[in-house]
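Accompanying notes for the structure given below.
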Amino acid sequence: MEPKSIWVSPNETRRFVDPTSDNRLMEEIKDGRVERLAILFERYHVMLFNFFLRLTGNRSHSEDLVQDVFFRILKYRKTYQGQSKFSVWMYQIARNAHVDHLRKRKQEMSLDDQFEEPASAETPAVERMSAEIDAALLNRALDRLPLRKKEVLLLSRFQEMKYREIAELMGCDIGSIKSTVHRAIKDLGRIYVELQGGESSCTAKD
Amino acid sequence: MYCERLKDLLADYLVGELDEKTLAEAQAHLAGCAACREELESLSAIWTKLGVLPKEQPSAALRSRFYDMLEAYKEGLKRGGIAARPLQSLSSWLSRLVPRRPAYQLALALVLIIAGLGSGYLLNVRSRSNARFEVATLKHEVNDMRRTVAVSLLKQASPSERLMGVSWSVQLDRPGDEIIAALLETLDHDSNVNVRLAAVDALYLFYDHPEVKERLVRSLAGQTSPLVQLSLIDLLVGIRERRAVEALGQLIQDHKINPKVKKRAELGLAQLS
Amino acid sequence: MKTIVRLAGIIILLWAVGMADSSQQSQADHAVVSFTNPAKPGSLEVDIREGSITVRGYEGKDVIIDARWRERVLTGEKREMEAALAEAEEELDQEELARKKAQAEKSRGMKMLAVESMGLTIEEEDNVIQVSVEEGKRAVDLVIQVPFSTSLQLSCRDDERGVTVERVNGEIEVDTSDGPITLTNVSGPVVADSSDGEIKVVFGKITPGKPMSLSAMDGDIDITLPLDVKASLKMKTDEGQIFTDFDVQLTPSQQKKEEDERKEGGGYRVTYEKVTLGLINGGGTEIQLTTYEGNIYVRKAK
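Chains as they are written, first to last, in the numbering used here: chain E, 152 to 357; chain Y, 837 to 1109; chain P, -8 to 293.
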């Protein structure tokens, strides 16, 4: 299903992404050329989607949240200060959107219900099955991390933010981010091992 | 013990940010320390596994929702002309909302602009007969979110955040009783004069809500700050609330009252009688 | 190091206190307080009736408090007080002293240190330091040094010397009744009010996105903003005037600018109804300035 009106071809965004071009796009958007947001959408929406998916475990909520973030970018475009990197600003918005979302939803839906096995086409059946179980277990372990550790881990591992940027975005010092990363990985490892202990190798997940 | 030091370096190690010298030092230590080696290996393993978690793709609906929203927004801007002349474009919408009191009308406008609220966007949504479902839903959800955040902001320890809560409250489409109750509570009990002042201005917008007028009159008796008293008197006189007459009279009798407030109260009394 | 015994009989000594006492000068106290978590920004709350508060940012992690009590009471009273202190000390024997000390140390959650010198109480809990003065105590001039990122909540109710803050980047909340409020090289947000005093703020930079509000009944409000600030001003004064040398985008109906040579730097004097709304550099941080009689000055940083 193609979008009704194509503002920009996705190809335009696959070229090397210069971070300053994000800033330039925001300046244009602030000037009133809001359609330029489409480029930023094409660049970031999958990463944002995955960020939210790992936070909420729910595909539909994650899509809502992505939409919310871009709406807020439009709405608050005038408050964007050129000094910080666009992605740092965007993830601040994303985190806030997520917090608002949490407040609204009393319970998160169970990760098990929502997380489907990732498809991986070419691997042989047995290997594929254990890789899938691995991934599912890891996702479940991730889900059980406390929020702040999870956020910091996601931002550094998946959203490819530098620790310095994460520190800026979360308003704390870089040392505390680094030690949070350390603790998050340790905790994750521990939970993952616990989960593995509860599974025999080839049974499907419960 | 270098083992402790290694812990601090781990985060940088995982993202490959260690400089050569530190890396060499670390590797030298690891060669001799089994405990650290094991720890590092298990943590690295998790890090690597995380890296191979596949990237999920959103549904195709996400893209079309986005472009719909963008189109609607752009059209709204064009119609509202907000980029060109912020306040004139609001005037017709505003006049339906508040009576013709220039100061407050403009205050409302400013509040909207400050928040970056695309009023053109809202104009657009209101006037559409065939509202696009997704846009309307989004607006509704955003409004709900705002309401929750506004109420929570009003309870924060930081007065700046409470100020933000007041200004968020006035931007809501359908504020609801919860917000109005929170604003009245703020007016009566907030410890900060500035926040109470902001609450007075905000409540002006809701004066036609049941009970608000009465609460405003009652609030006057309890206020201690002259600035808030002045603002509240202006508000009550401005909305021509006759029930304020008695409260004003009492204020004038109070011997502790600031003479400027007394003067204003006397003026107000005259205007309302 | 002196053991300070409060007249009510509770021992509180968890901190060293140096007491300087000379009959000519007013008495001085000095205390150094650490935050529970020095890595995170902390808060300082000061609440006094008579006296003045001066806070300065510095590079350290602790809060350093110097208190100078004003010699105002009759010498007789002072001597009486000291005699009572000495008496109380004698009455409590060593065992009781030790017991009470242990009891105080066991109190959970709160790291309380009280400088029960002449009525100054300092408490720290979870990165919040509270300083207050008991009722009926003498006027005190406090000079406090804080880490730059500290947030402040300062209240000084009855004095002409008011509150002064320099080089602090946290949120600042101040109220005074008579004294002026002078903030220099701060980044806000600032929420301040005064009944009679003037409010003067010179911003080093502005923390974006955090609303601010200053209100004064009789005094002027005088703020200096960085040149490139993006601000949305809402200014209201009953009997004062508004002056600015910024290029303020006013709401259309209020666009009446007159050159005013009397004002230094040749700023514009703007007249209005009661509320003036203006945007600087397109608008941004909400700043509300309210006075009754005083003037409002919005200056460009030079």
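Yeah, the Cβ is synthetic: ideal placement off N, Cα and C, and Gly gets one too.
Report task. Determine the closest residue to SER1067(Y) out of VAL1081(Y), ARG1078(Y), LEU1052(Y), ARG1079(Y), with distance taken between C-alpha atoms. Result -> LEU1052(Y)
**Report entry** Interface residues of chain Y facing SER327(E) [CB-CB closer than 7 Å]
**Finding:** In chain order: nothing, as chain Y lies at least about 11 Å away.
Query raised in the report: Name the chain E residues that come within less than 9 Å of MET905(Y), Cβ to Cβ?
Result: GLN218, PHE221, PHE222, LEU225
Query raised in the report: Within 8 Å (strictly less), CB to CB, does LEU886(Y) reach chain E?
Result: yes
Query raised in the report: Which whole runs of the alpha helix (DSSP H) in the stretch 853 to 924 of chain Y are 4 residues long or more, in chain order?
Result: 856 to 868, 870 to 887, 896 to 916
**Report entry** Environment of LEU351(P) [buried if 16+ CB atoms lie within 10 Å]
**Finding:** Not covered by the structure: residue 351(P). The range shown for chain P is -8 to 293.
Query raised in the report: In the DSSP assignment, what are the bridge partners of LYS1092(Y)?
Result: Paired residue(s): none; LYS1092(Y) is not in a bridge.
Query - Test: LYS1099(Y) CB closer than 8 Å to a CB of chain P - result: no
Query raised in the report: Mind checking whether LEU298(E) and TYR242(E) have CB atoms under 8 Å apart?
Result: no
Query raised in the report: Listing by chain order, which chain E residues have their CB less than 7 Å from the CB of ARG901(Y)?
Result: GLN218
Query raised in the report: Among the residues of its own chain, which have a CB less than 6 Å from the CB of ASP132(P), if the five just before and after it don't count?
Result: GLY42, SER43, ARG59
Query raised in the report: Within the 8 Å Cβ cut-off, does ASP324(E) reach chain Y?
Result: no
Query raised in the report: Under a three-way DSSP split, which group does VAL261(P) fall into?
Result: Residue confidence is low: VAL261(P) scores 35 on pLDDT, short of 50, so the model does not pin down where it sits. No coordinate-derived value is stated.
Query raised in the report: Is it the case that the Cβ atoms of GLN144(P) and SER25(P) are separated by a distance below 8 Å?
Result: no
Query - Any C-beta of chain P under 8 Å from that of SER207(E) - result: It is Thr, not Ser, that sits at residue 207(E) in the sequence shown. Chain P, which has no Cβ nearer than 8 Å to the Cβ of THR207(E), makes this no.
Query raised in the report: In terms of DSSP beta bridges, what is GLY269(P) paired with?
Result: LEU224(P), LEU241(P)
Query raised in the report: DSSP beta-bridge partners for ILE278(P)?
Result: MET203(P), LEU224(P)
Query raised in the report: Taking any Cβ of chain P, which residues in the stretch 226 to 239 of chain E have a Cβ under 8 Å from it, in chain order?
Result: LYS229, THR230, GLN232
Query raised in the report: Span of the beta strand (DSSP E) holding LEU850(Y)?
Result: No beta strand (DSSP E) contains LEU850(Y), which is instead part of the alpha helix (DSSP H) from 838 to 850.
Query - Identity of the residues DSSP links to SER43(P) by a beta bridge - result: ASP132(P)
Query raised in the report: Three-state secondary structure (DSSP) at ILE55(P)?
Result: strand
Requested in this report: Report yes or no: is there a C-beta of chain Y within less than 8 Å of the C-beta of PHE192(E)?
Outcome: yes
Query raised in the report: CB-CB under 6 Å to VAL119(P), same chain, minus the five flanking residues each way: which ones, in chain order?
Result: SER34
Query - Alpha-carbon spacing of SER855(Y) relative to SER307(E), whole angstroms - result: Correcting the residue type first, residue 855(Y) is Asp in the shown sequence and not Ser. C-alpha separation (whole angstroms): 19 Å.
Query raised in the report: When the distance is taken between beta carbons, is GLN1065(Y) closer than 8 Å to LEU1072(Y)?
Result: no
Query raised in the report: With DSSP run on the structure shown, which of helix, strand or coil describes PHE309(E)?
Result: coil
Query raised in the report: LYS891(Y) to MET198(E), Cα distance in whole Å?
Result: 8 Å
Report task. Grab me the residues of LEU990(Y)'s own chain with a C-beta within less than 6 Å of its C-beta, minus the 5 sequence neighbours each way, in chain order. Result -> ARG998, GLY1001, ALA1018, THR1022
Query raised in the report: With which residues is GLY48(P) paired in a DSSP beta bridge?
Result: VAL137(P)
Query - Pairwise C-alpha distance: ALA1034(Y) and ASN1028(Y) - result: 10 Å
Query raised in the report: Cβ of SER996(Y) within 8 Å of Cβ of ALA1038(Y)?
Result: no
Report task. Give me the Cα-Cα distance between GLU840(Y) and LEU289(E), rounded to the nearest whole angstrom. Result -> 27 Å
Query raised in the report: Going by other Cβ atoms of all chains shown within 10 Å of its Cβ, with 16 needed for buried, is GLN1107(Y) buried or exposed?
Result: exposed
Report task. Determine the direct distance from the alpha carbon of ILE113(P) to that of ALA105(P), and round the result to whole angstroms. Result -> In this prediction, ALA105(P) scores a pLDDT of 44, lower than 50, which makes its location untrustworthy; the coordinate-derived value is nonetheless stated afterwards. Their Cα atoms are separated by approximately 5 Å.
Report task. Quick one: list the residues of chain E neighbouring ALA30(P), beta-carbon separation under 7 Å, in chain order. Result -> ASP324, SER327
Requested in this report: For ASN286(P), name the three-state secondary structure that DSSP assigns.
Outcome: coil
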